[in-house]
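**Student:** If you scroll down you'll find the structure; I have some questions about it.
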Amino acid sequence: MKARAVGIVAVMAALSAAAGAAYHLWSRGSDGASSRDLAEAVERVLQARVVDLQGASQSLQQWRGRVLVVNYWATWCAPCREEIPLFVRMQERYGERGLLFIGIAIDQPDKVAEFAREFRVNYPLVLGGVDSIELLRQVGNRAGVLPYTLVLDRKGNLVSREPGGIKEAKLEKLILPLL
Amino acid sequence: MPIARFLLALLLIVPAFARGAEPELLEPDKAFRFAARLVDERSIELSYQIAPGYYMYRDRFRFTAAPADVRLGDARLPEGKRHRDEFFGEVETYRGALRIVLPFERADAGAPAIALSVVSQGCADVGVCYVPYEHRAELKVASLVSGPTRSDAPLFGGTALAAGSDEGIAALFRAGFWLVVASFFGFGLLLSFTPCVLPMVPILSGVIVGSGHRVTRTKGLLLAAIYVFGMAMTYAVAGVAAGLSGAMLSAALQNPWVVGAFAAVFVALALAMLGVYDLQLPVALQSRFALESSRMHGGHAAGVFSMGVLSALIVGPCVAAPLAGALLYISQSRDVVLGGSALFAMALGMGVPLLAVGASAGALMPKAGPWMETVKRGFGTLLLGMAIYLVSPFLPVSVQMFLWSALLIVTAIYLRAIDPLPAGAHGFQRFSKGVGILALIAGLAYLVGALSGGRDILQPLSGLRVTDPGSVPSETPFARVASGAELDDRIRAAAGRTVMLDFYADWCVSCKEMERYTFSDERVRARFREMALLQADVTANNAEHAALLKRFRLFGPPGIVFFDREGREIQGLRVIGFQPAERFVAVLDQALGFQR
Chain U
1 MKARAVGIVA VMAALSAAAG AAYHLWSRGS DGASSRDLAE AVERVLQARV VDLQGASQSL
61 QQWRGRVLVV NYWATWCAPC REEIPLFVRM QERYGERGLL FIGIAIDQPD KVAEFAREFR
121 VNYPLVLGGV DSIELLRQVG NRAGVLPYTL VLDRKGNLVS REPGGIKEAK LEKLILPLL
Chain D
1 MPIARFLLAL LLIVPAFARG AEPELLEPDK AFRFAARLVD ERSIELSYQI APGYYMYRDR
61 FRFTAAPADV RLGDARLPEG KRHRDEFFGE VETYRGALRI VLPFERADAG APAIALSVVS
121 QGCADVGVCY VPYEHRAELK VASLVSGPTR SDAPLFGGTA LAAGSDEGIA ALFRAGFWLV
181 VASFFGFGLL LSFTPCVLPM VPILSGVIVG SGHRVTRTKG LLLAAIYVFG MAMTYAVAGV
241 AAGLSGAMLS AALQNPWVVG AFAAVFVALA LAMLGVYDLQ LPVALQSRFA LESSRMHGGH
301 AAGVFSMGVL SALIVGPCVA APLAGALLYI SQSRDVVLGG SALFAMALGM GVPLLAVGAS
361 AGALMPKAGP WMETVKRGFG TLLLGMAIYL VSPFLPVSVQ MFLWSALLIV TAIYLRAIDP
421 LPAGAHGFQR FSKGVGILAL IAGLAYLVGA LSGGRDILQP LSGLRVTDPG SVPSETPFAR
481 VASGAELDDR IRAAAGRTVM LDFYADWCVS CKEMERYTFS DERVRARFRE MALLQADVTA
541 NNAEHAALLK RFRLFGPPGI VFFDREGREI QGLRVIGFQP AERFVAVLDQ ALGFQR
């Protein structure tokens, strides 16, 4: 009987390993975007039409050639608001060297305008709609998390994606080599 | 039982590996679990189960309803927890369970359903928020008149098994803990009357018969109990693991290598039973064990336990409907304790007849005798048959036929089908020769079928028939879809028609049964002609397929989803698992009749 039990244990071990490996492969596959898909999604973000606070149609294309930090945020999102003063400071410090923050707000225009005045936001703010949310998901933010920040180099290549709040040290480490 | 503990540890480790290390943020529909129901003819109750560490904003709910004649009143939102917000001033947030009552009026009493959309906003304490998230619900007003909502009804009916109403099972979970566990036990009992459990009977009997020469009633019962416990453990672990990972577990367990390994184990056990080799211990050990035969041995118990574990994995797809419902719930709520307990209870329910087998095997069996050898061989043959059945989804029909024919013919020879009977043969010899001849003829039929290119395992000689084009049912005209975008295109193209989407995979046994027995039915085919038929073949299980399954919150095939004439899913009308033609026709009629 021992021999049988040992045999069965061996089979179980093999099965567990196989199931684990299969799951691993499967879950990796389901995580979605390949690097090419991702580059295409970022390109769509740059080309998408967005609306500025005056209601005029804009696209992120016009700022190509600079190092871009694209920040998805909202005024009702407390963790988003917390990092805005940092962005304002860094825009001040590195703006002349070619750094540009762009805020895409998932929000109402009046709230965004009020916030921009109060916090003296010194970089472009635009309003995102349903399609911006869709694009946000396509660049890999499947759960639709805010804040969410993309760092792009001067050619528009994606350098980093940062879900959640970002620390000053980390952001500097990301952008300084690009400037 | 060190080995049993080792096995358990192995089973528990697998999902742990799969989970990965990074701290995980819940998807919004899991962080804010939504449900809606009609309270009466003028109010809807919405409930959110907010995961710990997440919160929602009180003043950020937006409600819309269709059709246009449904007018929503002011939602009654409970008081939230107040916070000072530096920008907004005072805001109120919700945590934990949230219940909202939404009054409504409708002009047209004839509208059978209300499509409700709720947009909400929420955040997690770790420092992120979610973009506004939309939850949708389709509420059937008609169901108010007929008492309980349709999806709840079939759960305890006699035909609940085939109905496969995943929504109903998910709804059940909202009841109390013990009620849920008890219900699932009862559900398991019902399941045990389906053929799903039958494959386990020969395995268990084989285990008991093969376990020793003296099988007492108590020992038989004890072995059966260990076996059932192993089976129940698997269900509980599988349920919890699938809930945590959201994975297509049954697909992983149905992959050719895994099933091949099972089949190999069966073949090995079968050969031992047929006396090809001896699985016995050295004489010295054996005599020592003989002394302890009244007690359980650790190693043996572990073996029986692991047989239970293995068997549960095999019959899993057969009980797809209740499993899908439970897994759906677990993965959404992450209430793994309740989900795991419910599945455990279900498996125990399924095991009750097996306990009876165990007890009776002990009771029926005399202490020893040459006939035991015959029984053992019989079970050996059954195990070989099981092995063929298991691997058959992966083999071409001609190979299956060849295997069956080999099994049947060799069995027939063992039953002395072609040996002459002695003059004074007694009844049993004559009977076994009769059975042998039947097996021989069936085996020959399969052999001829395999060689003549027969394509139907149930009609091995159909390849020889003079083809009559009228009688051969043509292939059901399914349009294949491989991705969400393709699906949307097809649904748009089918505007004005009801759409049926069938999830299919080569390894999915009930999909094949559905095709062979249900889709081929003339009444079903007549209704098919009125709808657009789509099929998603998810055999390859790539990222697109996974996304498609996730979109419909399915864990894998089998699953059939319907869309109304405007391309929206008809909620509560899914078919999961095999359904015979009569019931399926009723579902199709409902889908075709569903208009707003």
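Protein sequences appear in the order of chains U and D.
All residue numbers in the first sequence are consecutive under our numbering, ending with 179.
All residue numbers in the second sequence are consecutive under our numbering, ending with 596.
Here a beta-carbon is modelled for each residue, glycine too, at the ideal position from N, C-alpha and C.
Need the endpoints of the beta strand (DSSP E) that His135 of chain D sits in, please.
**Tutor:** Taken as a continuous stretch (DSSP letters only), the beta strand (DSSP E) holding His135 of chain D covers 133-140.
**Student:** Expressed to the nearest angstrom, what Euclidean distance is found between the alpha-carbon atoms of Gly95 of chain U and Val51 of chain U?
**Tutor:** Distance between the alpha carbons of Gly95 of chain U and Val51 of chain U is about 23 Å.
**Student:** Anything in chain D within Cβ reach of Pro163 of chain U, meaning under 8 Å, just list it in chain order.
**Tutor:** Per Cβ cutoff of 8 Å: Leu25, Val128.
**Student:** What in chain U is Cβ-close to Phe87 of chain D, meaning under 7 Å?
**Tutor:** Those within 7 Å of Phe87 of chain D in chain U are Thr75, Arg81, Phe115.
**Student:** Compute the Euclidean distance between the alpha carbons of Phe32 of chain D and Arg217 of chain D, then round it to the nearest angstrom.
**Tutor:** Their Cα atoms are separated by approximately 52 Å.
**Student:** Hey, does Pro557 of chain D have any beta-carbon neighbour from chain U nearer than 8 Å?
**Tutor:** False, the Cβ-Cβ gap to chain U never drops below 8 Å.
**Student:** Would you call the CB atoms of Met514 of chain D and Leu592 of chain D closer than 8 Å?
**Tutor:** Their beta carbons are not under 8 Å apart, which means Met514 of chain D does not touch Leu592 of chain D by this criterion.
**Student:** Are Leu150 of chain U and Arg161 of chain U touching if we call contact CB-CB under 8 Å?
**Tutor:** Yes, Cβ-Cβ distance for Leu150 of chain U and Arg161 of chain U is below 8 Å.
**Student:** With DSSP as the reference, please indicate the residues paired to Gln58 of chain U in a beta bridge.
**Tutor:** Gln58 of chain U is bridged to U:Val50.
**Student:** List the residues of chain D that Gly181 of chain U touches, going by C-beta distances under 8 Å, in chain order.
**Tutor:** For residue 181 of chain U there is no data in the structure shown, the boundaries of chain U being 1 and 179.
**Student:** Kindly provide the ranges of any beta strand (DSSP E) runs that are 3 or more residues long and lie completely inside the region 94-126 of chain D, ordered along the chain.
**Tutor:** Entirely contained in the region 94-126 of chain D, the beta strand (DSSP E) runs reaching 3 residues are, in chain order, 97-106, 113-120, 122-124.
**Student:** What are the residues that DSSP puts in a beta bridge with Val240 of chain D?
**Tutor:** Answer is none; Val240 of chain D lacks a bridge partner.
**Student:** Between Ala48 of chain U and chain D, is any beta-carbon pair separated by less than 8 Å?
**Tutor:** By this cut-off, Ala48 of chain U is not an interface position.
**Student:** Compare the Cα-Cα distances from Val357 of chain D to each of D:Ala225, D:Gly80, D:Ala546 and report the closest residue.
**Tutor:** Looking at the Cα atoms, D:Ala225 is the closest of the given residues.
**Student:** Distance, Cα to Cα, Cys143 of chain U vs Gly220 of chain D?
**Tutor:** As written in the sequence, residue 143 of chain U is Ala, which differs from the Cys given in the question. Going by the C-alpha atoms only, they are around 52 Å apart.
**Student:** When the Cα atoms are used, what is the spatial distance from Arg525 of chain D to Leu139 of chain D?
**Tutor:** Arg525 of chain D and Leu139 of chain D: Cα-Cα distance of roughly 29 Å.
**Student:** With burial defined as no fewer than 16 other Cβ atoms inside 10 Å of the residue's Cβ, what is the status of Lys433 of chain D: buried or exposed?
**Tutor:** Buried, because 16 or more other Cβ atoms sit within 10 Å of the Cβ of Lys433 of chain D.
**Student:** If you check the beta carbons only, do Gln138 of chain U and Ala39 of chain U fall under 8 Å apart?
**Tutor:** Not a contact, by the Cβ cut-off of 8 Å.
**Student:** Please tell me whether Ala417 of chain D and Leu440 of chain D are closer than 8 Å, where the distance is taken between their beta carbons.
**Tutor:** Yes.
**Student:** So, Phe184 of chain D versus Ala345 of chain D, is the Cβ gap smaller than 8 Å?
**Tutor:** Result yes, Cβ atoms of Phe184 of chain D and Ala345 of chain D sit closer than 8 Å.
**Student:** Quick one: is Leu150 of chain U near chain D, going by C-beta distance under 8 Å?
**Tutor:** Answer no: the Cβ-Cβ gap between Leu150 of chain U and chain D never drops below 8 Å.
**Student:** Listed from N- to C-terminal order along the chain, which residues in the region 59-82 of chain D have their beta-carbon within a distance smaller than 8 Å of any beta-carbon of chain U?
**Tutor:** Taking 8 Å as the Cβ-Cβ cut-off against chain U, the residues of the region 59-82 of chain D that qualify are Arg60.
**Student:** Can you tell me which residues form a DSSP beta bridge with Glu569 of chain D?
**Tutor:** Paired residue(s): D:Phe563.
**Student:** Could you tell me which residues DSSP pairs with Arg217 of chain D in its beta bridges?
**Tutor:** None, per the DSSP bridge assignment.
**Student:** Give me the Cα-Cα distance between Val181 of chain D and Cys511 of chain D, rounded to the nearest whole angstrom.
**Tutor:** Cα to Cα, the separation comes out at about 29 Å.
**Student:** Going by alpha carbons, who is nearest to Gly96 of chain D out of D:Ala107, D:Glu105, D:Gly80?
**Tutor:** Ranking the options by Cα distance to Gly96 of chain D, first place goes to D:Gly80.
**Student:** What would DSSP say about Gln590 of chain D, mapped onto helix, strand or coil?
**Tutor:** It is helical.
**Student:** Would you identify the three-state DSSP class for Lys81 of chain D, choosing helix, strand or coil?
**Tutor:** If DSSP states are grouped into helix, strand and coil, Lys81 of chain D belongs with the strands.
**Student:** Any idea if Asp488 of chain D is buried or exposed, counting beta-carbon neighbours within 10 angstroms, 16 or more meaning buried?
**Tutor:** So Asp488 of chain D ends up on the exposed side.
**Student:** Starting from Asn71 of chain U, follow its DSSP beta bridges and name the residues at the other end.
**Tutor:** Partner(s): U:Gly103, U:Thr149.
**Student:** Run through chain B and tell me which residues come within less than 9 Å of Tyr57 of chain D, C-beta to C-beta.
**Tutor:** The question asks about chain B, but that chain is absent: this structure's protein chains are U and D.
**Student:** When you check each C-beta in the region 96-111 of chain U against every C-beta of chain D, which residues fall closer than 9 Å?
**Tutor:** Within the region 96-111 of chain U, the qualifying residues are Ile106, Lys111.
**Student:** Cβ closer than 7 Å: which chain U residues qualify as neighbours of Gln597 of chain D?
**Tutor:** Only positions 1 to 596 of chain D appear in this structure, which leaves residue 597 of chain D out of reach.
**Student:** Roughly how many angstroms separate the alpha carbons of Ile84 of chain U and Ala547 of chain D, rounded to a whole number?
**Tutor:** Cα-Cα distance, rounded: 35 Å.
**Student:** Residue range of the alpha helix (DSSP H) that Glu45 of chain D falls in?
**Tutor:** Element bounds for Glu45 of chain D: not the alpha helix (DSSP H) but the beta strand (DSSP E), 43-50.
**Student:** Just the chain D side, please: which residues come within less than 9 Å of Ile133 of chain U by C-beta, in chain order?
**Tutor:** What Ile133 of chain U touches in chain D: Val131, Pro132.
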